[in-house]
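According to UniProt numbering, the sequence shown is numbered sequentially starting from 1. Beneath this line is the structure, given in structure tokens, with notes to follow.
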Amino acid sequence: MMQWLVDMGAQLDDGTGFGITALRRAAGGGHLSVVRWLVDKGARVDQEDDQGNTALHYALINREWNTVKFLLSSHYNSSHAQQTDVFAALFAAAKTDRDDVIQLLHDYGVDLQYTNAQGRTALHEAAACGATNCVNLLLDRAADVHRADHLGTTPAIEAVRGGHVDVLLRLLGAGASASDCNRVGRSALHYAAESAYADAMDMLLTNGADVNCCDKRGWTPLHCAAAAGHERIVIFLIKKGGEMNAETIAGKTALVLAVERGHADVMKFLMNYGASISEGLPVIVDGDTQFVSGATPNPNLNEADWLIDPSDVQLNIEPGLTGIKIVEGTWLGTPIEVKKRIKCEKTKNFVEELHRWSNLNHPHVVKLFGVCYAGEPFFVYERAVNGSLRKYCGNPENKPKLWDKLYEAALGLQYLHDRNIVHGVLCCESVVVAANGVAKLRNFGGDADDNAYYCYLEDSKAVPCSADWTAPEVLSRFPLSFESDVFAFGMCIVEAFKDINPWGYISGGSAAIIEAIRAGKLPAKPDEMS
Numbered sequence: 001m002m003q004w005l006v007d008m009g010a011q012l013d014d015g016t017g018f019g020i021t022a023l024r025r026a027a028g029g030g031h032l033s034v035v036r037w038l039v040d041k042g043a044r045v046d047q048e049d050d051q052g053n054t055a056l057h058y059a060l061i062n063r064e065w066n067t068v069k070f071l072l073s074s075h076y077n078s079s080h081a082q083q084t085d086v087f088a089a090l091f092a093a094a095k096t097d098r099d100d101v102i103q104l105l106h107d108y109g110v111d112l113q114y115t116n117a118q119g120r121t122a123l124h125e126a127a128a129c130g131a132t133n134c135v136n137l138l139l140d141r142a143a144d145v146h147r148a149d150h151l152g153t154t155p156a157i158e159a160v161r162g163g164h165v166d167v168l169l170r171l172l173g174a175g176a177s178a179s180d181c182n183r184v185g186r187s188a189l190h191y192a193a194e195s196a197y198a199d200a201m202d203m204l205l206t207n208g209a210d211v212n213c214c215d216k217r218g219w220t221p222l223h224c225a226a227a228a229g230h231e232r233i234v235i236f237l238i239k240k241g242g243e244m245n246a247e248t249i250a251g252k253t254a255l256v257l258a259v260e261r262g263h264a265d266v267m268k269f270l271m272n273y274g275a276s277i278s279e280g281l282p283v284i285v286d287g288d289t290q291f292v293s294g295a296t297p298n299p300n301l302n303e304a305d306w307l308i309d310p311s312d313v314q315l316n317i318e319p320g321l322t323g324i325k326i327v328e329g330t331w332l333g334t335p336i337e338v339k340k341r342i343k344c345e346k347t348k349n350f351v352e353e354l355h356r357w358s359n360l361n362h363p364h365v366v367k368l369f370g371v372c373y374a375g376e377p378f379f380v381y382e383r384a385v386n387g388s389l390r391k392y393c394g395n396p397e398n399k400p401k402l403w404d405k406l407y408e409a410a411l412g413l414q415y416l417h418d419r420n421i422v423h424g425v426l427c428c429e430s431v432v433v434a435a436n437g438v439a440k441l442r443n444f445g446g447d448a449d450d451n452a453y454y455c456y457l458e459d460s461k462a463v464p465c466s467a468d469w470t471a472p473e474v475l476s477r478f479p480l481s482f483e484s485d486v487f488a489f490g491m492c493i494v495e496a497f498k499d500i501n502p503w504g505y506i507s508g509g510s511a512a513i514i515e516a517i518r519a520g521k522l523p524a525k526p527d528e529m530s
């Protein structure tokens, strides 16, 4: 059929409206015999589509490796390959442990030490994905084990974050440092403690890592383990010399972090082991939060003043629905929004959230009315009856007010930041409009709890915010920060004008969005934005 079409005058390099030629379509589909035939007939392997991608790109994104290898050979046997596609092949091969492709690229003289716009090398990608064969090949070709990307992440840190102990062992054997820190001061040991990778921790400590190293928040690996609820790792670190009563810059010990996040087993161990207990420290007893007698951590806060009788609250929950975190209702006739804690998270961050949000009083921040400990704990917030910013501006009459509403939301964010609070889950769903038309920020559940946020990233049903609003460094497991809030707010602006998620609907879904954000790209600017 294809021969007949060519005989009838069809042009091999003619494309569709999007520039997709027969060669690119065959390459993406892995039809190697068709690709060979087209190249033999003179199809241009270096021809680009409307996005600047060649057939090699289409084969790469679908991991059609036999086609990739053939196209590389064809590129180098005719015109030189597009450098962007060649280096894309290098990184894709590193991620998927295709050392045969990397060897082919090396034979063609491709620079295996190539650094992309984020300062990353193929060794970073191979280490992050546990691609042992590629790590070995790259190290044999003198890859730099010390090179950090623009976020300060080394291949060793990447290996630990992925839990790839065999790769870490190989990197350390090649001279990698066990003590290197990224841009926020986090070492490989911090990540190992956070994820409970005991073997990696033992390996790092044996190779000179400091058990009490602090990141820029003053967190040690012990703080990370306690906050994540890893009792076994907490015990391990203390036995290795971890300072049990060390305080973060915010003045929190490992015990305080464990209590705030509801990790009763860690709390009990630390208390029994002799950790310092502050007056007023909340403790967990049989799943409930109680307070040590004396002054509370916030002397101006009396928890009893915030308790609400659950019989006064009516929730609008449809029969059969379970696992809901945010529901509407009324409290003594007042419209409210209830943020529930699912059973397994009964005490997680409960006290911390109460202490943080009860002190807030600002016209552009949703007001906390109170809490309920009975049964399934929940927080009671004021309900902005006009709904989310997107819903509000969905009314054409309100569209001209969009910039005003965004400005009001920005004032709320500035207020939080002035009080050292990271919102953590900013999107247009977390900006609501009250009955008087004033925009307010609501507490959607991030609370700057890194572990919770990463769970949200993995489960888009948890909250509306996912990768679209996430700063590049947070995707690399950096702590949430004021800067990541500002990035997310910028995405809110794009979302508000587009009336869809900032990145819209792109081929490849969340994975493609994450890749684009990490590459430093931004979504297209809406025409309405000046």
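For each residue, glycine too, the CB sits at the ideal point set by N, CA and C.
In its chain, beyond the 5 residues on either side, His364, Val365, Val366, Ala384, Gly412, Val432, Ala434 have a beta carbon closer than 7 Å to the beta carbon of Lys440.
When Leu151, Leu104, Asp107 are compared, the shortest CA-CA separation from Thr121 is found for Leu151.
Counting only residues of its own chain and dropping the five nearest sequence neighbours on each side, Gln118 has a CB closer than 6 Å to the CB of Asp149, His150. A contact between stretches requires three or more CB pairs, one per stretch, nearer than 8 Å, and the segment 217-231 meets this requirement with the segment 248-267. In the three-state reduction of the DSSP assignment, Lys401 falls in the helix class.
When Val39, Arg183, Ala156, Ser481 are compared, the shortest CA-CA separation from Leu204 is found for Ala156. Between the C-alpha atoms of Phe379 and Thr67 there is a straight-line separation of about 56 Å. Within its own chain, the residues whose Cβ lies closer than 6 Å to the Cβ of Asn386, once the five positions on either side in sequence are excluded, are Tyr392, Val433, listed in chain order. Residues Met203 of the same chain have their beta carbon placed closer than 7 Å to that of Leu169, with the five preceding and five following residues left out of the count. Within the segment 390-438, complete alpha helix (DSSP H) segments of at least 4 residues are found at 402-418, given in chain order. CA-to-CA, the gap between Cys129 and Ala159 works out to about 8 Å. Annotated three-state conformation of Glu382 is strand, per DSSP. The beta carbons of Val145 and Asp199 sit no closer together than 9 Å. If you ignore the 5 residues before and after Leu123, its C-beta comes within less than 6 Å of the C-beta of Leu138, Ala143, Pro155, all in its own chain and listed in chain order.
Taking a 10 Å sphere around the C-beta of Pro400, we find fewer than 16 other C-beta atoms and assign the residue as exposed.
DSSP, read as helix, strand or coil, puts Glu328 in strand.
In this structure, Leu56 sits near Ala89, with a CB-CB distance shorter than 9 Å.
Inclusion of Asn443 and Trp357 in the CB contact set at 9 Å is warranted, their separation being smaller than that value.
In the three-state reduction of the DSSP assignment, Leu475 falls in the helix class, which pools H, G and I.
Taking 9 Å as the cut-off, the Cβ atoms of Arg161 and Cys134 do not count as close. In this structure, the alpha-carbon of Val438 lies about 33 Å from that of Ile506. Scanning Gly173, Asp85, Lys69, Cys181 for the CA closest to the CA of Asn136 turns up Gly173. Taking 8 Å as the upper bound for CB-CB distance, Ala193 and Pro221 are in contact here, some 4 Å apart.
Look at Val86 here: in three-state DSSP terms it is helix.
In the three-state DSSP reduction, Thr153 falls in the coil class, being neither helix nor strand. Inter-segment contact for the segment 245-264 and the segment 209-220 is present: three or more beta-carbon pairs are separated by less than 8 Å. Where Val313 is concerned, the enclosing beta strand (DSSP E) starts and stops at 313-315.
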